[in-house]
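Chains as they are written, first to last, in full-length UniProt numbering: chain A, 1 to 330; chain B, 1 to 330.
Where is the CB? At the ideal position from N, CA and C, for every residue including glycine.
Worksheet for the structure shown next.
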């Protein structure tokens with residue numbers, strides 16, 4: 001009996017999940033061949049997902065989509081989850097696994113506890129992959145290939161639910177990484193939400209200037225890369241900020257502190273202080289690039305960077321990749 | 001009589017210039033076929049540049065390199081320029097054009113006035129292209145293709161010198177952009193030096209945290225792209241800060257101001273304020289991407305995006321690749 005997966009929300013992430021499930025090798029993928037039922041509030045998004053074969057069947061409502069599913073993936077914006085959970089609650093199968101893909105987890109686990117019936121299991125999920133584009137038309141079948149996929153089971157999760165969530169993540173080619181929801185939220189605020197805010201800040205700083213008319217003519221790849229995330233969906237990022245306020249505020253504060261250090265060094269002409277900071281940042285980033293999950297070829301310059309990073313760190317420290325391996329991974 | 005170009009410093013930029021000169025179409029390039037003489041303080045860099053055919057001949061000293069050159073390109077770090085100018089001054093040909101590639105221009109023009117003889121012309125130059133990698137081994141023949149190339153002639157520049165600098169820029173496939181040196185420095189501080197500082201700040205903020213050991217396991221493409229510039233050469237960036245202190249300080253201050261705005265919005269739960277800021281940033285960046293010079297595929301995510309865009313659009317709409325072709329492809 002093949003697994004039936006309902007994907008609610010067939011945008012970038014939902015449709016990419018569907019493509020990954022549909023193209024997984026049924027011989028080796030833990031879930032085997034799945035039947036994927038899609039639902040989206042936008043009939044256009046649903047049509048594109050269907051046209052790209054990201055889903056096998058379209059459902060007319062969320063309730064219809066979930067009623068035969070043993071895995072239900074909530075792939076809609078975080079703010080919509082409470083209402084969506086309430087809507088599907090009466091229609092979920094006994095012992096179904098419900099999971100989500102939102103980039104904050106504490107609130108989501110609270111909502112699941114509040115709104116989902118005790119006859120189903122919820123395991124929070126967050127794939128560490130994405131694009132600044134939106135919609136099913138931007139979906140990619142290998143978006144999750146080799147990516148870390150955070151899983152946050154509640155304290156009372158059953159082994160069956162946890163195993164099924166793990167099988168789902170492995171079937172789409174990602175690497176399961178179990179993490180406490182509060183830890184997840186503070187870490188993700190630093191390595192994902194803060195980068196978006198800094199990209200938006202860089203864009204705001206220069207585009208608010210009356211000189212932008214001329215500056216825009218000479219802005220090049222450095223500006224383009226640093227601001228890439230600022231082209232992301234403003235509403236999604238507003239909602240992320242709203243559900244992860246205090247963690248994000250912590251990292252914004254830390255950023256202000258580092259920028260004030262830089263300003264002081266510039267004012268006092270302490271160029272050696274700046275150089276030391278730049279050296280530390282370069283060393284740490286180059287080390288990070290040598291981690292196994294950063295070694296895969298991806299969009300853009302990643303592979304090339306990883307190669308250089310490796311060679312530099314190897315020259316400096318031997319082979320640090322071995323030291324960094326084996327973090328908290330089950 | 002072909003032009004003779006001396007490139008002093010055959011690192012990333014110098015060797016890329018040599019490759020671009022050597023592969024320019026002699027029928028259509030304004031300078032025609034050039035003879036390129038290279039010199040570098042590192043014999044290894046010089047050997048790599050020669051091995052990659054970025055230069056035709058190796059010189060043993062800077063003085064030897066320039067003595068027959070009608071165009072001299074100073075492609076060494078900004079801090080080395082005063083000494084280098086003094087060294088070559090007695091050996092420069094009558095009416096030679098001297099130019100540089102540094103990312104700050106006010107100091108460089110002052111040094112040229114002070115250290116170069118009045119028998120030669122200096123026109124400051126700054127190609128708006130680069131990579132976070134260093135050395136002749138990272139050189140690319142199409143690094144400057146379609147890129148804006150700032151030119152800062154001094155007020156007393158001769159038309160011959162300005163025309164020759166323009167021909168040089170057009171020969172390597174770049175677009176000359178004339179700009180006042182003070183304006184150049186403040187603009188470049190905003191769109192090039194500040195992005196580096198924000199990349200370094202993001203890296204410092206998270207890697208100084210005791211949680212970095214776990215955060216590094218889930219950091220993904222957002223962190224990678226936002227911090228790419230932090231893998232750049234620390235000494236080069238120290239020198240840039242040192243020669244463009246007040247302009248950079250201005251933009252660091254503006255960044256602190258915007259981050260404080262964000263922090264206040266988070267503290268006061270003013271999510272609409274944040275959303276408006278994010279929308280403005282997205283609109284401005286997306287507009288910037290539509291400028292003609294940003295339409296070409298480049299390093300980083302743009303090339304990958306263009307390719308992915310092609311495959312998706314092909315599936316959806318037939319073959320639009322013809323529309324996208326004609327850019328830079330490695």
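Legend entry - Boundaries (first-last residue) of the beta strand (DSSP E) holding residue 113 (chain B): Unbroken run through residue 113 (chain B) is the alpha helix (DSSP H), 106-115; no beta strand (DSSP E).
Legend entry - Option in B:236, B:119 and B:176 with minimal Cα separation from residue 90 (chain B): B:119
Inset, instruction - Report yes or no: do three or more beta-carbon pairs, one from the segment 220-231 of chain A and one from the segment 268-281 of chain A, lie closer than 8 Å? - result: no
Inset, instruction - Enumerate in chain order the residues of its own chain whose CB-to-CB distance from residue 116 (chain B) is below 7 Å, with the five nearest sequence positions on each side excluded. - result: 85, 89, 98 and 122
Inset, instruction - Could you say which of A:137, A:3 and A:107 lies nearest to residue 51 (chain A) if we only look at CA atoms? - result: A:137
Legend entry - Residues, ordered as in the chain, of the segment 114-130 of chain A that lie near chain B by beta-carbon distance below 8 Å: 128, 129 and 130
Inset, instruction - With a floor of 4 residues, list each alpha helix (DSSP H) that falls wholly inside the segment 51-135 of chain B, ordered by position along the chain. - result: 62-66, 81-88 and 106-115
Legend entry - Nearest residue (CA-CA) to residue 286 (chain B), options A:249, A:229 and A:270: A:229
Legend entry - Any alpha helix (DSSP H) of 4 or more consecutive residues that is wholly inside the segment 138-224 of chain B: 159-171, 181-188, 194-207 and 212-218
Legend entry - Assigned secondary structure, residue 13 (chain B) (DSSP; H/G/I helix, E/B strand, else coil): helix
Legend entry - Cα-Cα separation, residue 201 (chain A) to residue 5 (chain A): 39 Å
Inset, instruction - Closer than 7 Å, Cβ to Cβ, to anything on chain B: give me those residues from the segment 244-256 of chain A, in chain order. - result: 245, 248, 249, 251, 252, 253, 254, 255 and 256
Legend entry - residue 4 (chain A), enclosing alpha helix (DSSP H) - first and last residue: Counting along the chain, residue 4 (chain A) falls outside any alpha helix (DSSP H), though it belongs to the beta strand (DSSP E) covering 4-8.
Inset, instruction - Would you verify that the beta carbon of residue 47 (chain B) is, or is not, closer than 8 Å to some beta carbon of chain A? - result: no
Inset, instruction - Flag residue 20 (chain A) as yes if its beta-carbon sits less than 8 Å from any beta-carbon of chain B, otherwise no. - result: no
Inset, instruction - Answer yes or no: does any C-beta atom of chain B fall closer than 8 Å to that of residue 57 (chain A)? - result: no
Inset, instruction - State whether the segment 249-257 of chain A contacts the segment 159-178 of chain B, with contact taken as three or more CB pairs (one from each stretch) at a distance under 8 Å. - result: no
Inset, instruction - Give every residue of the same chain whose Cβ lies closer than 7 Å to the Cβ of residue 232 (chain B), excluding the five residues on either side of it in the sequence, and list them in chain order. - result: 132 and 196
Inset, instruction - State yes or no: is the beta carbon of residue 40 (chain A) nearer than 8 Å to at least one beta carbon in chain B? - result: no
Inset, instruction - Determine the extent of the beta strand (DSSP E) in which residue 35 (chain A) is found, giving its start and end residues. - result: 35-39
Legend entry - Among A:146, A:78 and A:240, nearest to residue 291 (chain A) - alpha-carbon criterion: A:146
Legend entry - Inter-stretch contact at 8 Å, needing at least 3 Cβ pairs: the segment 1-18 of chain A / the segment 67-83 of chain A: yes
Legend entry - Check whether residue 26 (chain B) and residue 18 (chain B) have beta carbons under 8 Å apart: no
Inset, instruction - Step through the CB atoms of chain A and report whether any lies within less than 8 Å of the CB of residue 277 (chain B). - result: yes
Legend entry - Outcome for residue 260 (chain B) when other beta-carbon atoms lying within 10 angstroms are tallied against a minimum of 16: exposed
Inset, instruction - Would you please verify whether the beta carbon of residue 50 (chain A) is less than 8 Å from any beta carbon of chain B? - result: no
Inset, instruction - Report the residue from B:168, B:45 and B:95 whose alpha carbon sits nearest the alpha carbon of residue 101 (chain B). - result: B:168
Legend entry - Buried/exposed call for residue 188 (chain B), threshold 16 Cβ in 10 Å: buried
Legend entry - Where the alpha helix (DSSP H) containing residue 287 (chain B) begins and where it ends: 271-289
Legend entry - Span separating the alpha-carbon of residue 104 (chain A) from that of residue 184 (chain A): 8 Å
Inset, instruction - Note down, in chain order, every chain B residue with its Cβ under 9 Å from the Cβ of residue 81 (chain A). - result: Those within 9 Å of residue 81 (chain A) in chain B number zero; the least Cβ separation is about 17 Å.
Inset, instruction - State the Cα-Cα distance for the pair residue 36 (chain B) and residue 54 (chain B), rounded to the nearest angstrom. - result: 8 Å
Legend entry - Under 8 Å between C-beta atoms of residue 274 (chain A) and residue 241 (chain B): yes
Legend entry - Option nearest residue 267 (chain A) by Cα separation, candidates B:250, B:264 and B:266: B:250
Inset, instruction - Leaving out five residues on either side along the sequence, give the residues of the same chain with a beta carbon under 7 Å from the beta carbon of residue 62 (chain A). - result: 8, 39, 84, 87 and 88
Inset, instruction - Determine the closest residue to residue 142 (chain B) out of B:1, B:12, B:44 and B:217, with distance taken between C-alpha atoms. - result: B:12
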